[in-house]
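Enquirer: Structure incoming, see below.
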Amino acid sequence: MGVHVILKPVMHLFNTSILKETITKYKDPAMDDQLDTARLVDPRFKLQYTQEEKREYIKQRAVLELLKGERATMVREEESREEAIGDASAAGPPAKKTKRSLGSFFSQPGQPLPTQKAECTAGS
């Protein structure tokens with residue numbers, strides 16, 4: 001019983017200081033809106049702890065944020081598409097590829113390709 005009597009004032013002081021800190025920390029309306037938005041997307045809470053009069057506002061704000069993010073993504077994709085088109089047109093038409101024979105891979109530049117007769121006589 002003596003420990004309970006000593007701890008009660010300490011716990012009361014502790015609880016009041018935490019309560020004061022919490023009230024001052026979350027008094028800002030912008031912070032409150034952020035927390036309400038976070039609660040909206042958290043499946044454990046949804047709008048359970050949000051004030052009734054703010055629920056519709058928080059839903060609309062969340063939808064606007066999603067649309068704004070989607071719009072930014074679309075703009076970035078369009079810009080990268082335009083850059084790719086600009087790079088392709090600046091490079092000009094692609095170079096024409098010529099077909100090479102198997103022997104051209106083995107020959108040194110400047111040396112003539114061996115003929116079929118020369119290969120046959122060399123092999124005999």
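Count the sequence shown with full-length UniProt numbering and you get residues 1 to 124, in order. Even glycine gets a Cβ: it sits at the ideal position worked out from N, Cα and C. Every value quoted in this text rests on a predicted model; they were computed, and no experiment measured them.
1. Roughly how many whole angstroms lie between the Cα atoms of N15 and E21?
2. Could you give the DSSP three-state label for F106: helix, strand or coil?
3. Determine the burial state of T50: buried for a count of at least 16 other Cβ atoms within 10 Å of its Cβ, exposed for fewer.
4. Going by beta carbon distance, what residues of the same chain come within less than 8 Å of F45, once the five residues before and after it are set aside?
5. Rounded to the nearest angstrom, what separates F27 and G69 at their Cα positions?
6. CA-CA distance, D36 and A84?
7. How far does the alpha helix (DSSP H) with D33 in it extend, from its first residue to its last?
8. Would you grab the beta carbon distance between L47 and R55 for me? Rounded to a whole angstrom, and I think it's under 8 Å.
9. Please classify T22: does DSSP put it in a helix, a strand, or coil?
10. Could you say which of K96, Q34, S17 and R76 lies nearest to Y57 if we only look at CA atoms?
Expert: Reading off the structure:
1. One-based indexing of the sequence shown puts residue 15 at position 15. One-based indexing of the sequence shown puts residue 21 at position 21. Roughly 10 Å between the two C-alpha positions.
2. To locate residue 106, count along the sequence shown from 1; it is residue 106. Residue state for F106 is assigned as coil, using DSSP reduced to three classes.
3. One-based indexing of the sequence shown puts residue 50 at position 50. T50 is buried by the Cβ-count criterion.
4. As a working note, residue 45 is residue 45 in the sequence shown. If we look at F45 and ignore the five residues flanking it on each side, its Cβ neighbours are R39.
5. The residue you call residue 27 lines up with position 27 of the sequence shown. The residue you call residue 69 lines up with position 69 of the sequence shown. According to the sequence provided, residue 27 is Lys. The question's Phe does not apply to it. Roughly 28 Å separates the two Cα atoms.
6. Taking the first residue of the sequence shown as position 1, residue 36 is located at position 36. Taking the first residue of the sequence shown as position 1, residue 84 is located at position 84. Between the C-alpha atoms of D36 and A84 there is a straight-line separation of about 41 Å.
7. Translated into the one-based positions of the sequence shown, residue 33 becomes position 33. Residues P29 to V41.
8. Walking along the sequence shown from the start, residue 47 turns up at place 47. Walking along the sequence shown from the start, residue 55 turns up at place 55. About 5 Å; that satisfies the 8 Å criterion.
9. One-based indexing of the sequence shown puts residue 22 at position 22. In the structure shown, T22 sits in a helix (DSSP, three-state: H, G or I).
10. Sequence index remark: in the sequence shown, residue 57 carries index 57 (1-based). Comparing Cα positions, the closest option is Q34.
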